[in-house]
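Numbering (UniProt numbering), first residue to last: 1 to 451.
Here a beta-carbon is modelled for each residue, glycine too, at the ideal position from N, C-alpha and C.
Computed from a prediction, not measured in an experiment: that's the story for all the values here.
Reviewing the structure listed below.
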Amino acid sequence: MFGEVRIKKGLNIKIQGASEKVYDSNCYESNKIALKPTDFHSVIPKLLVEVGDSVEVGSPIFCSKADSRIVFVSTVSGKVSSIVRGEKRKILEVIIESDHKRTQSKRDFDPISDISSEKAKEILLSSGLWPYIMQRPFDVIADPDSSPKSIFVSALDTCPLPNNYEFSLIKDVDNIQAGINVLKKFTDGNFYFSVDSDIINSIFSKLSGVKLTKVSGPHPSGDVGVQIHHIDPINKGEQVWVVNPQDLAIIGRFFLTGELSFERVVSICGTEVINPKYTKVISGSNLESFLPMFKEGNNRIISGNIFTGNTIKRDGFLSHYSNHITVIPEGDNYDFLGWLLPSSKKFFPLIRANNFSWLFPNKKYKLDTNTNGEERALVVTGDYEKVFPMDIYPLQLLKAFMTEDVELLEELGAYEVSPEDFALIEFICPSKINSQQIVREGLDLMKKELG
């Protein structure tokens with residue numbers, strides 16, 4: 001049996017440059033990789049290596065000062081070449097020069113069914129795989145001492161230029177099943193696994209130990225926060241764990257083989273990519289390996305998807321959790337009067353008197369980073385409610401985040417949201433408010449005040 005969630009509110013944004021179902025089986029392993037503490041929100045790192053140290057795959061590079069059990073490990077073998085610091089000596093990157101050997105010490109495990117929950121936790125922590133487990137509320141790395149009421153995995157990507165997990169993970173179904181068997185040991189509740197509405201033909205339809213849920217509707221129906229809200233809402237004092245299916249496969253692969261492999265299948269997409277496709281990369285890889293795939297010009301390179309990813313330079317490194325490399329034009333050409341002038345070439349998120357994009361629902365657009373305006377007064381238009389598919393008042397919640405009213409945030413349902421849940425609101429916002437940053441800072445305040 002399976003559940004079903006139908007989302008009516010939302011917005012699909014069709015952009016040119018989606019990856020074709022073409023798979024480059026070669027793994028792009030760059031000469032250097034970087035482990036960036038900024039990829040792990042709220043973690044204050046404690047360095048465990050120095051420049052010149054030799055490391056193997058799985059060697060601890062730094063740990064969390066708040067909980068030294070949570071370690072962050074090298075994804076390749078080689079030598080620590082540099083440690084990049086910012087203001088007040090903040091650690092920005094630990095760069096490792098790869099020897100391309102992937103040297104590591106293989107571990108022998110009992111069958112997963114014979115491993116206790118405490119032993120599984122110990123393995124995940126010592127191997128550096130624990131940071132793949134996120135918790136709600138607050139959208140941070142899960143507390144190893146907590147016990148979730150349920151676990152969620154969303155194998156449905158509805159963001160613009162999505163990573164189609166039905167294609168990219170077709171060879172990892174056994175690894176995903178192993179990952180499920182491991183994580184189920186940590187909860188007495190349900191393990192929810194969401195797929196698109198064509199559940200019968202899904203590669204995940206044979207998974208056991210999970211409650212399969214078919215989800216339909218526009219973006220953000222694929223966001224796990226929306227699914228939690230409609231399936232198993234979070235109340236005060238409760239926790240839900242969230243794992244990306246790519247990360248679940250990495251966990252399962254380790255328990256099956258005893259060897260760490262940080263390979264993941266990413267979608268190289270966007271209008272400024274020559275041949276958008278899927279390929280394997282190692283987490284934290286240097287971007288230089290991919291530059292020949294990009295068109296010449298002034299482009300924005302994003303590690304992650306177009307809504308929640310981070311801008312990186314041409315010599316930068318991919319984020320630890322990225323499942324996309326997105327390249328779109330830089331929006332440095334400004335139109336007179338911005339959104340006011342009628343145009344059939346621009347995408348207008350909601351129906352307005354001066355736009356025609358609603359007449360062409362299947363048209364794909366070439367969008368750039370131009371916001372066509374700057375931040376202005378926050379006004380009540382009712383637009384947020386048209387695209388926000390939760391039984392929550394998004395405008396009032398955003399105002400409560402801005403005023404740092406913790407008690408009101410609790411009453412309005414802040415335990416259920418994360419920054420990505422407000423990404424679409426940020427896109428359609430007529431006031432150009434940076435909603436995701438506001439939500440992130442507000443959740444950090446709640447975590448500090450409420451624990």
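Inter-residue spacing [alpha-carbon to alpha-carbon] between residue i and residue j
i: Ile33; j: Val380; result: 46 angstroms
i: Met373; j: Lys432; result: According to the sequence provided, residue 373 is Gly. The question's Met does not apply to it. Roughly 7 angstroms between the two C-alpha positions.
i: Gly91; j: Ser82; result: Checking the sequence, you will find Ile at residue 91 rather than Gly. Using only the alpha carbons, I get a separation of about 11 angstroms.
i: Ala353; j: Val224; result: With a pLDDT of 48 at Ala353, under the threshold of 50, the modelled position of this residue cannot be trusted, and the question is left open.
i: Val195; j: Lys206; result: 12 angstroms
i: Leu11; j: Ser59; result: 43 angstroms
i: Ser77; j: Thr103; result: 6 angstroms
i: Leu450; j: Gly209; result: 33 angstroms
i: Ile176; j: Val242; result: 14 angstroms
i: Tyr192; j: Gly297; result: 43 angstroms
i: Leu318; j: Lys236; result: 35 angstroms
i: Lys9; j: His219; result: 8 angstroms
i: Leu445; j: Val406; result: 8 angstroms
i: Ile231; j: Ser283; result: 31 angstroms
i: Asp368; j: Ser146; result: 42 angstroms
i: Asn286; j: Lys88; result: 25 angstroms
i: Phe427; j: Lys185; result: 39 angstroms
i: Lys149; j: Ser113; result: 21 angstroms
Exposure label - residue i; buried when at least 16 CB within 10 Å
i: Asn305; result: buried
i: Leu291; result: exposed
i: Thr403; result: exposed
i: Gly258; result: exposed
i: Tyr334; result: exposed
i: Ala423; result: buried
i: Ala66; result: exposed
i: Ala377; result: exposed
i: Pro111; result: exposed
i: Asn163; result: buried
i: Pro361; result: exposed
i: Gln227; result: buried
i: Ser221; result: buried
i: Arg136; result: buried
i: Ser68; result: exposed
i: Asp39; result: buried
i: Lys21; result: exposed
i: Gly382; result: exposed
i: Ser168; result: buried
i: residue 521; result: In the structure as shown, the chain starts at 1 and stops at 451, and residue 521 therefore has no counterpart that could be examined.
Paired residues, beta bridge with residue i - DSSP
i: Asn190; result: Ser150
i: Glu4; result: Lys214
i: Arg300; result: Ile328
i: Glu263; result: Ile282
i: Met134; result: Ile141, Val242
i: Phe62; result: Leu47, Phe72
i: Thr311; result: Ile302
i: Cys269; result: Thr326
i: Ser54; result: Lys79
i: Ala34; result: Ile95
i: Val195; result: Lys214
i: Ile15; result: Tyr365
i: Tyr28; result: Val281
Own chain partners of residue i with C-beta closer than 8 angstroms, once the 5 adjacent residues on each side are dropped
i: Phe294; result: Glu272, Val273, Ile274, Ile301, Val327
i: Asp174; result: Gly252, Leu256
i: Ile70; result: Val43, Cys63, Ser64, Leu125, Trp130, Pro131, Ile141, Pro144
Cutoff 7 angstroms; reference residue i; Cβ partners in own chain excluding five residues on either side
i: Tyr393; result: Leu412
i: Gly17; result: Leu161, Cys269, Gly270, Thr271, Val273, Pro276
i: Ser289; result: Tyr28, Ser30
i: residue 452; result: Residue 452 lies beyond the stretch modelled for the chain, which goes from 1 to 451, so this question has no answer here.
i: His100; result: Glu29
i: Phe262; result: Thr75, Ile250, Ile282, Ser283
Other residues of its chain near residue i: CB distance less than 6 angstroms, five sequence neighbours each side excluded
i: Gly442; result: Phe401
i: Arg440; result: Pro419
i: Arg107; result: Gly258
i: His229; result: Met390, Glu416
i: Lys447; result: Phe138
i: Val80; result: Val49, Val51, Asp53, Ile96
i: Asn370; result: Gly331
i: Ser216; result: Arg6, Ser197
Closer than 7 angstroms to chain B by CB, residue i
i: Ala120; result: Going by chain labels, chain B is absent from the structure shown, which holds only one protein chain.
If we require 3 or more residues per run, which beta strand (DSSP E) segments fall completely within the segment 66-118? 71-73, 78-85, 91-98
At what residue ranges does the segment 386-419 contain a whole run of the beta strand (DSSP E), taking only runs of 3 or more? none
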